[in-house]
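Going by UniProt numbering, the first residue of the sequence shown is number 1, and it counts up by one from there. The next block holds one structure in the form of structure tokens; read it before the comments.
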Amino acid sequence: MDDEDLSRRAVIALLAVAGGATGTIQLNSILDSRTGGAQAVLPEAENGPDTPHASEETATPEPKPGVHLEDHGGVADGETDDTEALMAALDEAAPDGTVRLPEGEILIGSGMADAILLVHRHRGVTIAGEGPGSTRLKMAPGHKSVHRGIVITPSSRDDITGITIRDLMLDGQGLEQNYNIANGIEVQSANGNGYPVEIRNCVIYDWATNGLQLREPGTSIYDSSILLNGRKQEAVTGRDGHGVATSIGNNPNGQTLIQRCLLQGNTGAGADNSGGNMMITGCVIDDCGYGVKQNETTNKQVIENTRISNLRTEPGVYNIPQDRTGGDLVLNNVCIENATDPGLLFPAGGTITGDQILIKNTNTEASQPAAVVVKDEGRKFDIGELAVYETGNGSAMYLENCTGSIDRLVHDGLDDSLGQLSDVAVDTIANDDSMTIDVPRAIDVGASL
Numbered sequence: 001m002d003d004e005d006l007s008r009r010a011v012i013a014l015l016a017v018a019g020g021a022t023g024t025i026q027l028n029s030i031l032d033s034r035t036g037g038a039q040a041v042l043p044e045a046e047n048g049p050d051t052p053h054a055s056e057e058t059a060t061p062e063p064k065p066g067v068h069l070e071d072h073g074g075v076a077d078g079e080t081d082d083t084e085a086l087m088a089a090l091d092e093a094a095p096d097g098t099v100r101l102p103e104g105e106i107l108i109g110s111g112m113a114d115a116i117l118l119v120h121r122h123r124g125v126t127i128a129g130e131g132p133g134s135t136r137l138k139m140a141p142g143h144k145s146v147h148r149g150i151v152i153t154p155s156s157r158d159d160i161t162g163i164t165i166r167d168l169m170l171d172g173q174g175l176e177q178n179y180n181i182a183n184g185i186e187v188q189s190a191n192g193n194g195y196p197v198e199i200r201n202c203v204i205y206d207w208a209t210n211g212l213q214l215r216e217p218g219t220s221i222y223d224s225s226i227l228l229n230g231r232k233q234e235a236v237t238g239r240d241g242h243g244v245a246t247s248i249g250n251n252p253n254g255q256t257l258i259q260r261c262l263l264q265g266n267t268g269a270g271a272d273n274s275g276g277n278m279m280i281t282g283c284v285i286d287d288c289g290y291g292v293k294q295n296e297t298t299n300k301q302v303i304e305n306t307r308i309s310n311l312r313t314e315p316g317v318y319n320i321p322q323d324r325t326g327g328d329l330v331l332n333n334v335c336i337e338n339a340t341d342p343g344l345l346f347p348a349g350g351t352i353t354g355d356q357i358l359i360k361n362t363n364t365e366a367s368q369p370a371a372v373v374v375k376d377e378g379r380k381f382d383i384g385e386l387a388v389y390e391t392g393n394g395s396a397m398y399l400e401n402c403t404g405s406i407d408r409l410v411h412d413g414l415d416d417s418l419g420q421l422s423d424v425a426v427d428t429i430a431n432d433d434s435m436t437i438d439v440p441r442a443i444d445v446g447a448s449l
């Protein structure tokens, strides 16, 4: 992986909270083969004339408004469990107030299945740290059963509107747990109408299963890094965990928004849409098992201005199970590159629409017939420009029982390597490698320190 494609922000975030010999040991497991060479892209420390020395006298800043963890006895030393102090601060701030978390490591969840439980009385509350490189909520190690970091759940099926979590790292210590099922943030099911939850400028890291598990629509995730989740699950069972997973089967109109985020190193999907609508915009999904997955409970999946790259086990965007319709897919200005499996794999019905789609160096190790495979129950296409380059195995396209149109289809192989187009009308077929699209890189998105 080139330096420019490696997430500088992700690596700095992990280094910033590690500190000391213990942190060095921890980083040996964090920065595994998936992020090899990461240290090389870290900026060197500078001590210019404007950088104050620790001995210089500085003014004590005014405390930010809100309820502070320290007000309830929290110490943020990484060893003393601060769960009780944090819950007391949340109870005082509710409703509609802000809980301020200091710099440091805040240990939570010792002997508790759900560390932080937000219910109806906590509506409108904001949990704010000092930045994901400074404030680290750390799940206590050694759990022997299902556990979760932050659980957002209604009381008696009432709503719990307006929860915001921002400017912090939520570390599951997944590899230090004795159980393989754990989610970082879980939004639990209510009446199906959804309730707004915002995640902003956070790092969600090393949860045994999923970084976020969303069972109710309405969650929006902005400018966050969702990293290295599912490793415990994979090690124990051979199954995987996802960066963001939805299971919103009771509201086909509900939406999950993922914007300007980095989803990297998760063992399963960067995003698993198992219900409702999902919009992924301005994101990078990198070095995951696969890119975006949907199934028969997906209503609509929109991906725009996004890069999906370096996928290790499954396709870029695909639908399972293979015999069931999986909802509509919209792709606009999307690059899918470097995948062992096809860039697109859709074996059942629905529609694929969009424009400016680049699929490059995919199907490199799979037995699928092409880089784009759509078949069986039929798909309807309405696509502007689609380019398929450097297909590893098979042809560029394999369409079966499909209808619709593609304005311009570009590939870089021999004429007979274009493949099968079924009943899809193509206005222009070009053989060149000139198509490029402007999508973000890993260093452009995610949490800011």
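We put the beta carbon where it would ideally sit given N, CA and C, even for glycine.
**Item:** Cutoff 7 Å; reference Ala-54; Cβ partners in own chain excluding five residues on either side
**Value:** Only weak support is given to the placement of Ala-54: the predicted model assigns it a pLDDT of 38, under 50, and the value that follows is read from those uncertain coordinates. Excluding positions up to five away in sequence, the list is empty.
**Message:** Quick check on the burial criterion: 16 or more other C-beta atoms within 10 angstroms. Buried or exposed for residue 463?
**Reply:** Here the chain comprises residues numbered 1 to 449, so residue 463 is not present and cannot be evaluated.
**Prompt:** How long is the line joining the alpha carbons of Gln-301 and Asn-253, rounded to whole angstroms?
**Reply:** 12 Å
**Prompt:** Over what stretch of residues does the beta strand (DSSP E) that includes Thr-306 continue unbroken?
**Reply:** 298-311
**Prompt:** When we look at the beta-carbon of Gly-174 and count the other beta-carbons within 10 Å, is it buried (16 or more) or exposed?
**Reply:** buried
**Message:** In this structure, how does DSSP classify Leu-421 when only helix, strand and coil are distinguished?
**Reply:** coil
**Request:** Specify, as a first and last residue, the run of the alpha helix (DSSP H) that Gln-233 falls within.
**Result:** 231-237
**Request:** Tell me whether Asn-431 is buried or exposed, calling it buried when 16 or more other Cβ atoms sit within 10 Å of its Cβ.
**Result:** exposed
**Asked** Contact check, Cys-283 vs Arg-260 under 8 Å by CB: the rounded distance?
**Response** 7 Å
**Item:** CB-CB length for Gly-74 against Arg-100, believed under 8 Å
**Value:** The pair is not a contact, with the Cβ atoms about 10 Å apart (cut-off 8 Å).
**Item:** Residues near Arg-121 by beta carbon distance below 8 Å, same chain, minus five either side
**Value:** Asp-91, Ala-94, Pro-95 and Ser-155
**Prompt:** How is the beta strand (DSSP E) around Asp-91 delimited, first residue to last?
**Reply:** Not the beta strand (DSSP E): Asp-91 falls in the alpha helix (DSSP H), residues 83-93.
**Request:** Using only alpha-carbon positions, find the residue among Pro-102, Thr-98, Leu-117 and Gly-104 that is nearest to Glu-84.
**Result:** Leu-117
**Asked** Where does Asp-416 fall in DSSP's three states?
**Response** helix
**Prompt:** Secondary structure at Asp-438, three-state DSSP: helix, strand or coil?
**Reply:** coil
**Item:** Ser-224 versus Ala-208 - alpha carbon distance
**Value:** 19 Å
**Item:** Residue range of the unbroken beta strand (DSSP E) whose run includes Arg-379
**Value:** 379-389
**Message:** Quick check: what's the CA-CA separation for Gly-124 versus Ile-150?
**Reply:** 15 Å
**Request:** Report all residues from its chain with a CB closer than 6 Å to the CB of Thr-246; omit the five preceding and five following residues, and keep chain order.
**Result:** Leu-214, Thr-256, Asn-273, Ser-274 and Gly-275
**Spatial neighbours of Leu-107 in its chain, beta-carbon cut-off 7 Å, leaving aside the 5 residues before and after** = Gly-78, Glu-79, Thr-80, Asp-81, Asp-82, Lys-138 and Ala-140
**Item:** DSSP-derived helix/strand/coil call for Gly-270
**Value:** strand
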